[in-house]
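Residue numbers (the numbering used here), protein chains in the order written: chain A, 1 to 139; chain B, 140 to 278; chain C, 279 to 417; chain D, 418 to 556.
Read through the structure below, which is laid out as structure tokens, and then see the notes.
Structure below.
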């Protein structure tokens, strides 16, 4: 079963905007991460639990972001988080932010490379088997 | 020697503002903390070192904030951090943010109660003696 | 009908925490504002609309905040926003953040004075009549 | 004279970190923007002035970011902002964040495409001639 149709709602508050009158560019990275975190939670895993139980954390290794159109104050946005690659110690997500669920123009999109790190040493380590399998099922 | 004349410069960037066109209200708390951190560093102590060496961290316990006049994009502000009380396990700071060093109207002011906590348990603990004495000399 | 039982859910993400391992103190101000904004929306008004139609914006004038216990990564919190005073050009909110809806210990609480300002001049101005009446009904 | 050796100092505060114990990934975007803003100021221009006088603002159109090594709490970083392309209505910056001025390993690097927009319509518009020439001299 492919659940790549996952979308997470995000409301734009004052905290997210800047004096330009629109969403501050770094804010989109926060939105993207919320969707990835909720996607993980929907699979039955939480960052805190993975750190406490498996001693790992997921860190953004690299990303490419296109800021297509500005989102504005008070708008309700939808952020997706499609897994496009699941490797032993890294993941790739394709993400988009739109104004309406499914339809609506893309406001911002990103390609995000995530690395699995040992929480104590910050060195690359393997994704736990049960989570790895769960994510491969999503591809 | 009283160094309560300590002031720290802060520049207002896009990241600090909101769609109202002025500095976002929670941003002033970040500014206040930068000044307290630099004040501590001026006394020869750093948060990271205190945590690693003494196992403590300073946490904001309570604060009263008056947002008097809005600061704007591109402005250079000065933030002070006057110690007004040094107790065994807590501190009180009076802080102001102004447009110019010394002169200039107050834009934001705060009364901040800081507690000294054990970093592992988050329970109240005594401030290390050398730091405590150093801070008392500042009163 | 009193709707002061309004509560808004907030999830703690990485963006909200700091190296102390808990929610960063200024983050609670963002949470409080989200709840006030949603409370306003529940009454049928939005910040953006009020600015475009009535030329006003609501600004935090002063606040007292008690940081009682730290909230942690991954937790789901509930934020309320009780109107305790509605005047011609200002409002008072009492707000609390808890771990569970209704029950649960208070993690953070605040008393927040909001001023109604003309969006172009930032001077105090009267709250529009229809909104004022709507809020008085909530007391 | 080529001033592409421009570097801007940034101190890591609690506000910049997350529960992972290191700088939050979106924070680097704030650091990069501070350096670009200060680079512009060093050329004699400010965002606020450009908006008021020329009716333009600079917006991030796209960026590629590599998070190489984590920066930590209390560290002093240096951010550069090398102009590598100056076109009629857009700019390209190459930026790096390091631990020490000049030397030191790269912690984060980015390629940032900036568009010049009309502040009222958010449509692409030409960079004012005097600023355009000033920036071309920097290449």
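Where a beta carbon is used, it is the ideal one built from N, C-alpha and C, also for glycine.
Listed in chain order, the beta strand (DSSP E) runs fully inside the stretch 159-246 of chain B are 195-206, 215-219, 221-225 and 229-237, counting runs of at least 3 residues. In chain order, 383 and 385 place their CB closer than 7 Å to the CB of residue 347(C), counting only its own chain and leaving out the 5 sequence neighbours on each side. Residue 295(C) has a beta carbon lying within less than 7 Å of a beta carbon in chain D. Taking all protein chains in view, the Cβ of residue 330(C) is surrounded by fewer than 16 other Cβ atoms within 10 Å, so the residue is classified as exposed. Think of a sphere of 7 Å around the beta carbon of residue 26(A): the chain D residues whose beta carbon falls inside it are 443, 446 and 447, in chain order.
Against chain C, the CB of residue 229(B) has no partner CB under 7 Å away; the residue lies outside that interface.
About 7 Å separates the Cβ atoms of residue 432(D) and residue 296(C), confirming a contact at the 8 Å cut-off. Scanning its chain for C-beta atoms nearer than 6 Å, with the 5 sequence neighbours on each side dropped, one finds around residue 496(D) the residues 425, 427, 448, 452 and 514, in chain order. Annotation: the continuous alpha helix (DSSP H) that includes residue 412(C) extends over 407-414. Leaving aside the five residues that flank residue 369(C) on each side, the residues in its chain whose CB is nearer than 6 Å to its CB run, in chain order, 392. Leaving aside the five residues that flank residue 117(A) on each side, the residues in its chain whose CB is nearer than 8 Å to its CB run, in chain order, 56, 57, 58, 59, 123, 124 and 125. Against chain A, a Cβ distance below 8 Å from residue 483(D) picks out 61 and 62. A distance of 7 Å or more separates the beta carbons of residue 323(C) and residue 410(C). Distances from the alpha-carbon of residue 551(D) to those of 456(D), 450(D) and 493(D) put 456(D) closest.
Neighbours of residue 491(D) across chain B, judged by C-beta separation under 7 Å: 185, 186 and 187. Sequence-ordered contacts of the stretch 383-409 of chain C with chain B read 397 and 400 [C-beta pairs closer than 8 Å].
Residue 266(B) and residue 220(B) do not touch by the CB rule: their CB atoms are close to 16 Å apart, not below 8 Å.
Residue 214(B) is not a Cβ neighbour of residue 161(B), given a cutoff of 7 Å. Scanning its chain for C-beta atoms nearer than 6 Å, with the 5 sequence neighbours on each side dropped, one finds around residue 54(A) the residues 128, in chain order. Taking 7 Å as the cut-off, the Cβ atoms of residue 26(A) and residue 63(A) do not count as close. The Cβ atoms of residue 529(D) and residue 510(D) sit closer than 7 Å to each other.
What residue 487(D) touches in chain A, judged by beta-carbon distance under 7 Å, is 122, going in chain order.
Under the 10 Å beta carbon count, residue 159(B) is surrounded by 16 or more other beta carbons and is classified as buried. Short of 7 Å from the beta carbon of residue 24(A), and not among the five residues preceding or following it, lie these beta carbons of its own chain, in chain order: 16, 17 and 18.
Under the Cβ criterion of 7 Å, residue 178(B) is not counted among the residues facing chain D.
In this structure, the alpha-carbon of residue 239(B) lies about 6 Å from that of residue 216(B). Taking a beta-carbon distance threshold of 7 Å, residue 196(B) counts as an interface residue toward chain C. Per the DSSP secondary-structure output, residue 252(B) pairs in a beta bridge with 201(B) and 231(B). For residue 173(B), a Cβ of chain D is located within less than 7 Å of the residue's own Cβ. The distance from the Cβ of residue 28(A) to that of residue 73(A) is about 15 Å, inconsistent with a contact at the 8 Å cut-off. At the C-beta level, residue 277(B) and residue 222(B) come within 7 Å of one another.
Rounded to the nearest whole angstrom, the C-alpha separation of residue 71(A) and residue 37(A) is 21 Å. Around the Cβ of residue 61(A), a 10 Å sphere holds 16 or more other Cβ atoms; the residue is buried. If you draw a straight line from the Cα of residue 41(A) to the Cα of residue 144(B), it comes to about 49 Å.
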